[in-house]
Amino acid sequence: MTVRSILNTKGHQIMSVAPDAKLAAAVKLLGEKKIGAVLVMDQSRLEGVLSERDIVRVLGERGAGVLDEAVSQVMTRKVVSCKETDTVAELMEMMTTGKFRHLPVVDNGKVVGLISIGDIVKWRVREYESEQEALRDYIKTA
1 MTVRSILNTK
11 GHQIMSVAPD
21 AKLAAAVKLL
31 GEKKIGAVLV
41 MDQSRLEGVL
51 SERDIVRVLG
61 ERGAGVLDEA
71 VSQVMTRKVV
81 SCKETDTVAE
91 LMEMMTTGKF
101 RHLPVVDNGK
111 VVGLISIGDI
121 VKWRVREYES
131 EQEALRDYIK
141 TA
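Okay, here's the thing in structure tokens:
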């Protein structure tokens, strides 16, 4: 199964903030949308990713005053992305190796979606349930 099939099921919505947005505004967006990361984009160009982990790290290092700083001062700049043609197995390997939970999906230089580890787990559970159902149906007819 590919990234494209997950995006076709979950949708291509992208939550993003501008690099000059205040960290407090990004934290509010994460809380309101109940998500773990947002893309940091300047127009349509991907500049970075801001995750809950980034926020906790910087709060621990510099205190609550950091909430008034720009997202660009806190975000992860070295972004690993995936393609719509990548497989779920490839994503799981990338996420495990890189120790991150969110991957922007880029097609021809344009961000077309965001895949989280939760999306992958949900997809894998559905896959296992479908396999179990197929096996039960097979056993009934055998």
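Under full-length UniProt numbering, the first residue of the sequence shown is numbered 1, with each subsequent residue one higher. Don't be surprised by glycine CBs; every beta carbon is placed ideally from N, CA and C.
Could you name the residues of the same chain whose beta carbon sits closer than 7 Å to that of residue i, not counting the 5 residues immediately before and after it, in chain order?
| i | result |
| --- | --- |
| valine 71 | Val17, Pro19, Ala21, Leu23, Ala26, Val40 and Leu50 |
Please classify residue i: is it buried, with 16 or more other beta-carbons within 10 angstroms of its beta-carbon, or exposed?
| i | result |
| --- | --- |
| aspartate 119 | buried |
| histidine 102 | buried |
| valine 74 | buried |
| isoleucine 139 | exposed |
| glycine 48 | buried |
| glycine 113 | buried |
| leucine 135 | exposed |
| valine 3 | buried |
| valine 121 | exposed |
So the beta strand (DSSP E) residue i belongs to, where does it begin and stop?
| i | result |
| --- | --- |
| valine 112 | 110-116 |
Looking only at C-alpha atoms, which of the options sits nearest to residue i?
| i | options | result |
| --- | --- | --- |
| aspartate 86 | Val105, Gly98 and Lys99 | Val105 |
| methionine 15 | Gln132, Thr9, Gly31 and Tyr128 | Gly31 |
| glutamate 69 | Leu59, Ile115 and Thr9 | Leu59 |
| lysine 110 | His12, Met92 and Ser116 | His12 |
Hey, quick one: how far does the alpha helix (DSSP H) through residue i stretch, first residue to last?
| i | result |
| --- | --- |
| valine 80 | From DSSP, valine 80 is part of no alpha helix (DSSP H); its letter is neither H nor E. |
| valine 88 | 88-98 |
Take residue i and list the residues in its own chain whose beta-carbon comes closer than 8 Å to its own, dropping the five residues that flank it on each side.
| i | result |
| --- | --- |
| residue 216 | The first residue shown for the chain is 1 and the last is 142, placing residue 216 beyond what the model contains. |
| valine 80 | Met94, Gly98, Phe100 and Leu103 |
Measuring only between beta-carbons, confirm whether residue i sits less than 8 Å from chain C.
| i | result |
| --- | --- |
| valine 71 | In the structure shown, chain C does not exist; there is a single protein chain. |
* 4 or more residues per run - each alpha helix (DSSP H) lying fully within the UniProt domain "CBS" (8-69) -> Residue ranges of uninterrupted alpha helix (DSSP H) with 4 or more members, entirely inside the UniProt domain "CBS" (8-69) and ordered along the chain, are 23-33 and 52-62.
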